[in-house]
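**Q** Positions 114 to 388 (the working numbering) are the ones given, in order, by the sequence shown.
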Amino acid sequence: MVFPKIKKHLSILLIRLNQKTELRRMSQERNKNLDLVMESFLDLKYGKNIEKYLEVFKKCEEYRTHLLHDNRFVSYKIAGSNKTQTVSEICRKASSKPIWAQFLFLITKKISSPNILEIGTNLGVSGAYILSALRNKKNSTFITMEGVSDFCSIADNFFKSIDACPEYEIRQGLYEQTFPIILNENHKFNLFFIDGNHDKNDTINYFNLLKKTMQFPSIMVFDDINWSVGMQQAWKIITQDRSISYVVDLYKLGVIIIDDLKPKKKSVFHLHLHY
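1. Measure how close the beta-carbons of Ile357 and Lys325 come, nearest whole angstrom, since I'm counting them as under 8 Å.
2. Alpha carbon to alpha carbon, how far is Gln215 from Ala207? Give it in angstroms, no decimals.
3. Roughly how many angstroms lie between the CA atoms of Lys349 and Thr221, to the nearest whole one?
4. Which residues mark the beginning and the end of the alpha helix (DSSP H) in which Ile332 is found?
5. Please report the residue range of the beta strand (DSSP E) in which Ser380 lies.
6. Are the beta-carbon atoms of Tyr364 and Ile232 separated by less than 8 Å?
7. Determine the DSSP secondary structure at Gly240, reduced to helix, strand or coil.
8. Shortest alpha-carbon distance to Leu217 belongs to which of Tyr388, Ile295, Val368?
9. In the structure shown, what three-state DSSP assignment does Glu298 receive?
10. What does DSSP give as the partner residue(s) for Thr178 in the beta ladder?
11. What runs of the alpha helix (DSSP H), each 4 residues or longer, lie entirely inside the stretch 250-325?
12. Rounding to the nearest angstrom, what Cα-Cα distance links Asn184 and Gln345 in this structure?
13. Between Ser253 and the rest of its own chain, which residues show a CB-CB distance below 7 Å, the 5 nearest in sequence each way excluded?
14. Between Ala277 and chain D, is the shortest Cβ-Cβ distance under 8 Å, so that the two count as touching?
15. Tell me which residues share the same chain as Asn310 and place their Cβ nearer than 8 Å to its Cβ, disregarding the 5 neighbours each side in the sequence.
16. Identify, in the order they occur along the chain, each residue of the same chain with its Cβ nearer than 6 Å to the Cβ of Met258, setting aside the five sequence neighbours on each side.
17. With Asn303 and Pro330 assumed to form a contact (beta carbons below 8 Å), what rounded beta-carbon distance in angstroms separates them?
18. Let's test the definition: count the other Cβ atoms within 10 Å of the Cβ of His385 and tell me whether it reaches 16, buried, or not, exposed.
19. Given Asp373, which residues of its chain have a CB within under 6 Å of its CB, disregarding the five upstream and five downstream residues?
20. Keeping to the same chain, check which residues put their C-beta closer than 6 Å to that of Leu230; ignore five residues upstream and five downstream.
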């Protein structure tokens, strides 16, 4: 256990030491989508340009606090498990941390007409941030997929309470059932948040299938790319795909940009936002 932790901290230290160089390289690319990822990173890293969103962040975090005090039990029976957990346990262990949810918020906010697919609604914390960013945006959609019906109900109840909440859909069901439906509906998404299943093969499969639903250019955000050896392997395989234009590795999150106007020589950047 000690060696992996040392390796992790050394890796992050090297990333931090090279960060100014990486940011300079990113700005030299002059790519709109890469710029908005970089701007979102800088806004959070240095607290720039986020004052106007603090009230929105506060409301989303009030929802998290509510969940952390919710002792109702949730069943995973639909997934073939007899396991139960309290809402508070699930929120503490599985919901996106504030800084990463805010990163998604800022990316969403900076895209003029975001059409978003989230794989893994969970309790709706990241979805609350995304929906809040979609307010007053025209020609935008948000579809989020979740297998556990209790999660869907809890998230839906909060989504409905968001002021001027844009339209959204929560697709409830096992992914092997809901994925084919999504693929056959001819959606064209340009922002993806993939956080529903930390299995190596499933994650790779999601990527390959979702390429068919892309509106170019597209941004894909993968959560927990270093969560396990399998996820590390999945991330390595995905980022070798020839269709990818840019890779931004944030150690916890991985961002890829597929831009059909960019020459197919991929550029890779490493940044560190938060542990």
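Here a beta-carbon is modelled for each residue, glycine too, at the ideal position from N, C-alpha and C.
Please read all numbers here as calculations on a predicted model, not as lab measurements.
**A** According to the structure data:
1. About 15 Å separates the CB atoms of Ile357 and Lys325; that is not less than 8 Å, and the two are not in contact.
2. C-alpha separation (whole angstroms): 16 Å.
3. Between Lys349 and Thr221, the C-alpha separation is close to 25 Å.
4. If you look at Ile332, you'll find it isn't in any alpha helix (DSSP H); it sits in the beta strand (DSSP E) that goes 327-335.
5. Segment 380-383, the beta strand (DSSP E) holding Ser380.
6. No, they are not a contact pair.
7. Three-state result, Gly240: helix.
8. The residue with the shortest Cα to Cα distance from Leu217 is Val368.
9. When DSSP states are grouped into helix, strand and coil, Glu298 belongs to the coil group.
10. Per DSSP, none; premise fails for Thr178.
11. Segments of the alpha helix (DSSP H) lying fully in the stretch 250-325: 262-272, 288-297, 313-323.
12. Distance between the alpha carbons of Asn184 and Gln345: 33 Å.
13. Same-chain partners within the cutoff: Ser226, Pro227, Asn228, Leu247, Pro279.
14. Given the protein chain composition of this structure (a single chain), no chain D is represented.
15. Hits under 8 Å: Ile232, Gly233, Tyr288, Thr316, Tyr319.
16. So the list reads Ile232, Arg284, Thr291, once near-sequence residues are dropped.
17. Between Asn303 and Pro330, the beta carbon gap of about 7 Å places them in contact (Cβ cut-off 8 Å).
18. With 16 or more other Cβ atoms within 10 Å, it is buried.
19. Excluding residues within five positions, the ones whose Cβ falls inside 6 Å are Phe329.
20. These residues qualify, in order along the chain: Ile256, Phe302, Phe305.
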